[in-house]
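Asker:
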Amino acid sequence: MRTAEGLGVQHLHLVESVPYGHTSSVTRPVEQPQPRRGSIGNVAMGASRWLTVTRYRSSADCGAALRQLDLAVYASDCPPSEADEKDQRSEQPLRDRFEAVPIDDLDFRAKRGTALVFGNERRGVSRAFIEFADAPFYIPMAGLTQSFNISVAVAMSLYAAIASGQFPEGSLTEEDRYELLGRWLLRDVKAARPLLLKEAGLEFADL
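The end of the sequence shown is residue 206 by numbering that gives the first Met the number 0, with every number in the run present.
1) Three-state secondary structure (DSSP) at T53?
2) Tell me the rounded alpha-carbon separation between R1 and S47.
3) If distances are taken between C-alpha atoms only, which option among Q67, R108, Q9, L68 comes closest to V52?
4) Could you have a look at G7 and say whether DSSP puts it in helix, strand or coil?
5) Curious, which full-length alpha helix (DSSP H) runs of at least 4 residues does the segment 117-187 contain?
6) Where does V153 land, buried or exposed, given buried means 16+ other C-beta within 10 angstroms?
7) Return the residue from the list E130, T113, A74 that minimises the CA-CA distance to Q67.
8) Can you tell me whether DSSP reads L65 as helix, strand or coil?
9) Let me know if R54 comes out buried or exposed under the rule of 16 or more other beta-carbons within 10 Å of its beta-carbon.
10) So the candidates are Y137, R126, C61, S58; which of them puts its Cα closest to the Cα of S75?
11) In chain order, what residues of the same chain lie with their CB nearer than 6 Å to the CB of V72, ignoring the 5 residues before and after it?
12) Using only the alpha-carbon positions, how far apart do Q145 and R121 sit?
13) Taking just the CA atoms, how far does S58 sit from L109?
14) What are the partner residues of L70, as DSSP defines its beta bridges?
15) Rounded to a whole number of angstroms, what is the C-alpha to C-alpha distance between N119 and L194?
16) Report buried or exposed for L99, applying the criterion of at least 16 other Cβ atoms within 10 angstroms of its Cβ.
17) Check T22 in the structure and name its three-state DSSP category.
18) Determine which residues share a DSSP beta bridge with P101 and list them.
19) Please report the straight-line C-alpha distance between E15 and L171, rounded to a whole angstrom.
20) Can you check whether the CB of P139 is closer than 8 Å to the CB of P288?
Next comes the structure, spelled out in structure tokens:
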């Protein structure tokens, strides 16, 4: 959460499936379904105060929400470890059907915005979500280790998106920015409510 917030991401989507969860960070606003309470907010309380977090019970629900926003969905696709391959010999690698591309080759201009999808460190992104995505991607590596840990992978991927130059002023609309500012002021500034109402030309009796 801290990495996403620090790099300017506003909306974070979490799939809290059991037993393995998958997360995605997005660069466009989303209409939130009823939020679910969980322990995530306790992990990065400082960053979560400034993020809009939406939680889902399944990858299908999350994917449907991203599609409704007309986002380009790109899923991180790291090949499984040798240990995982031995445990799952019957599973055909998705790379046989969906060839991942380097993250720098992704088209961040597509559609209204971009959603980058990441899975947990052991299992990665679910097979269903990789098939659902517009394209799988990977972060090129020069060393002998197989993959980066999830926090590093997220940071590098978000920076690559920023470095593409497709988000010079962010992707939040002016209306979204004002709404966020209003929510933060109402939450953190004691006198914000009467001041905001006065600015809007409203009285408490009008509400």
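All residues carry an ideal CB built from backbone N, CA and C; glycine is no exception.
Answerer: Quick answer:
1) Start at 1 with the first residue of the sequence shown, and residue 53 comes out as number 54. Of the three classes helix, strand and coil, the one that applies to T53 here is strand, per DSSP.
2) Against the sequence shown, residue 1 aligns to sequence position 2. Against the sequence shown, residue 47 aligns to sequence position 48. Answer to the nearest angstrom: the Cα atoms are 8 Å apart.
3) To locate residue 52, count along the sequence shown from 1; it is residue 53. Residue Q9 is the option with its Cα nearest to V52.
4) Within the sequence shown, residue 7 is the residue found at index 8, counting from 1. Three-state result, G7: coil.
5) 126-131, 149-162, 173-187
6) Here residue 153 corresponds to residue number 154 of the sequence shown, with the count starting at 1. It is buried - the Cβ of V153 has at least 16 other Cβ atoms within 10 Å.
7) Mapped onto the sequence shown, residue 67 falls at position 68. Ranking E130, T113, A74 by Cα distance to Q67 puts T113 first.
8) As a working mapping, residue 65 is identified with position 66 in the sequence shown. Helix at L65.
9) Here residue 54 is taken as the residue at index 55 of the sequence shown, counted from 1. It counts as buried.
10) Position 76 of the sequence shown holds residue 75. Ranking Y137, R126, C61, S58 by Cα distance to S75 puts Y137 first.
11) Numbered from 1 along the sequence shown, position 73 holds the residue referred to as residue 72. Cβ within range, chain order: L65, A114, A132, D133.
12) Numbered from 1 along the sequence shown, position 146 holds the residue referred to as residue 145. Numbered from 1 along the sequence shown, position 122 holds the residue referred to as residue 121. Computed Cα separation, rounded: 12 Å.
13) Looking up residue 109 in the sequence shown gives position 110. Looking up residue 58 in the sequence shown gives position 59. Here the sequence assigns Ala to residue 109, which means Leu is not the residue at that position. Rounded to the nearest angstrom, the two C-alpha atoms are 22 Å apart.
14) As a first step, residue 70 is located in the sequence shown; it is residue number 71 there, counting from the start. Partner(s): G112.
15) On the sequence shown, position 120 is the one that residue 119 refers to. On the sequence shown, position 195 is the one that residue 194 refers to. Each residue's alpha carbon lies about 44 Å from the other.
16) Within the sequence shown, the letter at position 100 stands for residue 99. The amino acid at residue 99 is misidentified as Leu; the sequence shows Ala. Buried: at least 16 other Cβ atoms inside 10 Å.
17) Here residue 22 is taken as the residue at index 23 of the sequence shown, counted from 1. Low confidence applies to T22: its pLDDT is 44, below 50, so where it sits in the model is not reliable, and the reading given next is rough at best. Residue state, collapsed to three classes: strand.
18) Looking up residue 101 in the sequence shown gives position 102. P101 pairs with Y137.
19) As a working mapping, residue 15 is identified with position 16 in the sequence shown. As a working mapping, residue 171 is identified with position 172 in the sequence shown. Roughly 25 Å separates the two Cα atoms.
20) The question about residue 288 has no answer here: the residues shown for the chain are numbered 0 through 206.
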